[in-house]
Structures are given as C-alpha cells and as structure tokens.
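For the sequence shown, the residue numbers in the working numbering are -7 to 85. Every residue, glycine too, gets a C-beta built ideally from N, C-alpha and C. Note that the structure is a prediction, hence the values are computed from the model and not measured. See structure below.
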Amino acid sequence: TGGLLALRTLLPWWPLAPWGYIVAGGWPMSMIWFSVFLGWGAKAAVMTFGGAVAYRRALPFFLGLVLGQAMIAVVWTVVSFFTGAPGIYMLPD
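Quick look at the structure:
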C-alpha cells in the first residue's frame, strides 16, 4: 500500500490507487464487484463519448440512483422496526 501511495504521488499517470488495493480483498467487494464494474463502465462510456460536459449532466442521475436506493433501504428499515417484519439489506447475503 505504501508503494502504491508513493507511485501515485510521484507519477501522476499511475492508474492504481492504494485504497483500491486495501478494499479489493474484503467481503463487501467480493459481493458488489459487478456493480462497481458497471458503474466504472458507465462512467468510462460517458467520458469517452460525451466528455466532461456529459459527465456533469449525467452525474445527478447516477447519484440519484445511489441515494434513492439508500433512502428506500432506510424507509423499509424504519417500517420493519415498527411492524416487526424483516427488513432489507443493502449488501447481498
């Protein structure tokens, strides 16, 4: 991790971030790797075909997807707390 941090600091073109190395082996990443891949692919497509202007226009849509999922999880967690029914999980089992 220290080596990746040094390379990232010294070489601006270095593509690997040290935090990616840290989280890559964890359980959550093994469960959501495909979603991360789809997000990266969508961002790469928008940046390639539309540039920074299209990225800025698409950002509220994708942020709305993430925040909408989180808000619905909170709503159903509160509902399940009051009703005693099982709630939903943000990460898959």
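Own chain, CB closer than 8 Å to A77, minus 5 neighbours either side, in chain order: V71
First and last residue of the uninterrupted alpha helix (DSSP H) at P10: P10 to V15
Assigned exposure category for V58 - 16 Cβ within 10 Å defines buried: exposed
Pairwise C-alpha distance: A46 and V38: 6 Å
C-beta atoms of T(-7) and P10 nearer than 8 Å: yes
Identity of the residue in A34, Y81 and V28 nearest A65 by Cα: Y81
Run of the alpha helix (DSSP H) containing P4, from where it starts to where it stops: Careful: P4 lies outside any alpha helix (DSSP H) and carries neither H nor E.
Chain-order list of residues whose beta-carbon lies under 6 Å from that of A50 (same chain, five-residue window excluded): V38
Beta-carbon proximity of G60 to W68, cut-off 8 Å: no
Member of S22, K35 and F29 whose CA lies at the smallest distance from the CA of L52: According to the sequence provided, residue 52 is Pro. The question's Leu does not apply to it. The shortest Cα separation from P52 among S22, K35 and F29 belongs to K35.
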